[in-house]
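**Q**
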Amino acid sequence: MLTNTHRANCANAQRPGCTCSGCGGSQHGWQGWTALAAGQPEGRDDRRRELKDQVEADQRTGRQKFNANNRQIYFDLARLDIADYLWASDSRPKPNGRLPRDVEPTSVSSDLGQVDTLGRTVMEDTWPEISLGVDSLVRNESDAREVKKRLADHTWCSLLVALIQLIERINKALDLLTDTAKQFVRDALSRRFDSGLPRLVTDAIVRLVVDKVWSALVRLLEAHFPLLGTDTLRALRMLAIFTCPSVDHHPEVYKHAVRPLVGDAHGIITAEIKEHVVTLFTVWWRRRAPEALA
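Residue numbers (this note's numbering): 49 to 342.
1. Measuring only the C-alpha atoms, how far is F273 from T280?
2. Could you have a look at A236 and say whether DSSP puts it in helix, strand or coil?
3. State the DSSP-derived secondary structure class of A337, mapped to helix, strand or coil.
4. Can you give me the Cβ contacts of E194 inside the same chain, cut-off strictly under 7 Å, excluding the 5 residues immediately before and after it?
5. Helix, strand or coil, according to DSSP, for Q102 in the structure here?
6. Compute the beta-carbon to beta-carbon distance between A105 and K113, rounded to the nearest angstrom, for a pair I have assumed lies under 8 Å.
7. Could you check if L180 is buried or exposed, using at least 16 other CB atoms within 10 Å of its CB as the buried criterion?
8. In this structure, how does DSSP classify Q79 when only helix, strand and coil are distinguished?
9. What's the C-alpha gap between H314 and D159?
10. With distance defined between alpha-carbon atoms, name the residue in S184, G80, T169, S139 nearest to E270.
11. According to the neighbour-count rule (16 or more other Cβ atoms, all chains shown, within 10 Å of its Cβ), is Q79 buried or exposed?
12. Can you tell which of E189, H297, R217, E323 has the C-alpha that lies nearest to the C-alpha of G337?
13. Determine the closest residue to S263 out of R198, G277, N144, I178, with distance taken between C-alpha atoms.
14. Below 8 Å on the Cβ atoms is my guess for A200 versus A236; work out the distance and round it to an integer in Å.
15. Using 8 Å as the Cβ pair cut-off and three pairs as the minimum, do the region 274-294 and the region 322-340 touch?
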């Protein structure tokens, strides 16, 4: 079966709701945001100015509108704050204001190193085998491409949120790799993912994704990656926020990733952006999904 092409605007999260069959969402957003985090501050400043120029205000009152455009703008501004934090908190040398990205992050002493390691190991590196597995399960090429597009629709951020919930509940790495924990993640994906094909095929695809991710988690543990603890939780939340194609339609990401990071003691998101994000999304979720605010 032909290999699908991965679009650069998917990695750079230039279009909310992107569903890319080339990466199944495994590279969506997070690669672009971490590239910004490693780049010169001027790049983030330019992006911030562009975003603020797009904020919509009521012509009569001058007040910012409570609409989807402004929610997306301020969510991206929060992502930029996270990128600023990742750059500023990284102690590695920054020649010309840039952090090195040309080697694998063998050190996990920085949050950016953890985000990179988790994203590459759990998501990017597992995708080729998942893609081939989908091709084997779904023989028709157009159907297989459609399945990969659907995988890009919140599968990876759902998986990350499930891992966040698991780590919050346990204190031993062995507990993370139990069959019960694995089933918890399967159930979380099953509730979110619909392949558009018969239920047996959908279940097989969910098992495929979780099995490959679980193998990646085992490799991380064998390499002594600190999978438990507040640092990993923070990195997973950042990765979920960078990855989610549209937090407007994913209350679990807002509840388990955005809200904890907004309240993080490190002051990752600035007070101004925090106020706008909380105000805009509180209005939205109060109507749409009150459980996101519980």
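Here a beta-carbon is modelled for each residue, glycine too, at the ideal position from N, C-alpha and C.
**A** Once the coordinates are examined:
1. 9 Å
2. helix
3. If DSSP states are grouped into helix, strand and coil, A337 belongs with coil.
4. The answer, listed in chain order, is G244.
5. coil
6. 7 Å
7. exposed
8. helix
9. 12 Å
10. T169
11. buried
12. Reading off the sequence, residue 337 comes out as Ala, not Gly. Looking from the CA of A337, the closest CA among E189, H297, R217, E323 belongs to H297.
13. Checked all of R198, G277, N144, I178; the closest Cα to S263 is I178.
14. About 17 Å separates the two Cβ atoms, so there is no contact after all.
15. no
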